[in-house]
Amino acid sequence: MLTLYRPGEGRLHRMPAGRKTLLVLALVLGVSLLPSSWWAAVVAASATLLAYVLAELQDGMLGMRELARQVAALRWILVITIVSQLVFLGPEAAVANTARVAAAIVLSALLVLTTRVTALLDALERGLRPLARLRLDPQLAALLLTVTLTTIPTLARLAREVRDAQRARGARGSLRTFAVPFLILASQHAFELGDALTARGIR
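Numbering (numbering that gives the first Met the number 0) for the sequence shown: 0 to 202.
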């Protein structure tokens, strides 16, 4: 399984996977429940900045370099979000909702960046064991959640690679020229992931 884990010795790296998962989920939920107002956009941005600083990612800029990478990889998603929101909801709701979406995604990326897939899978499996009473497989549920968490930053990385390749060729940036190669790479990743899961007997 593709992992975006980056080795480190920071505070978030040292935190147990289970506790870290609960913390990140609480942050994402808190940001998602903010109202569609100007102050909510400020809170979402501030919470994200603070989280990356406290994570101690050791990127030489108090986590800001990694945060900039994550946001830059999402730029087309954010453009589509804010444009569609501006059309239907107006500027305040558009800015607030886009800020909340961006904050939720980049905050969830912290979990993947600072936790090995095996540790994350084990923590989720332990947390989902009560589902066995409902005749649900906690191992399969944990695997599906882990795949979901790792897919979001993976798609962001693919988007960044597409843009870097276009810039290297001197191509002008546009949504149309970006969408086609991005969808091809995303589909290829989905097929490869499906083949890997099938090879492990998961259908």
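Beta carbons: idealized from backbone N, C-alpha and C, even for Gly.
* Could you check the C-alpha separation between A39 and A122 for me, to the nearest Å? => Each residue's Cα considered, the two are about 31 Å apart.
* Taking the runs of the alpha helix (DSSP H) that are 4 residues or longer, which of them lie wholly in the stretch 19-71? -> With a minimum length of 4 residues, the continuous alpha helix (DSSP H) runs that stay inside the stretch 19-71 are 37-53.
* **Straight-line Cα distance separating L48 from M60** => So the alpha carbons of these two residues sit roughly 12 Å apart.
* Asked: Hey, how far is the Cα of L26 from the Cα of A103?
  -> Their Cα atoms are separated by approximately 8 Å.
* **Cβ neighbours of L88 in the same chain (closer than 6 Å, five flanking residues each side left out)** => Within the same chain, no Cβ atom closer than 6 Å to the Cβ of L88 is found once the five residues on either side in sequence are excluded.
* To do: Quick one: grab the DSSP three-state call for R13.
  => Helix at R13.
* To do: Might you give, ordered along the chain, the residues of its own chain that have their beta carbon closer than 8 Å to the beta carbon of G7, omitting 5 neighbours on each side?
  => In chain order, E55, L56, Q57, T113 place their CB closer than 8 Å to the CB of G7, counting only its own chain and leaving out the 5 sequence neighbours on each side.
* Hey, how far is the Cα of M0 from the Cα of E191? -> Confidence at M0 is low in this model, with a pLDDT of 39, below 50, so the placement of that residue should be treated as unreliable; the coordinate-derived value is given next. Separation of M0 and E191 (C-alpha to C-alpha, rounded to the nearest whole angstrom) is 9 Å.
* Report yes if the CB atom of F177 is closer than 8 Å to the CB atom of W75, and no otherwise. => Yes.
* To do: Would you tell me roughly how many angstroms separate the C-alpha atoms of R13 and L157, rounded to the nearest one?
  => Roughly 28 Å between the two C-alpha positions.
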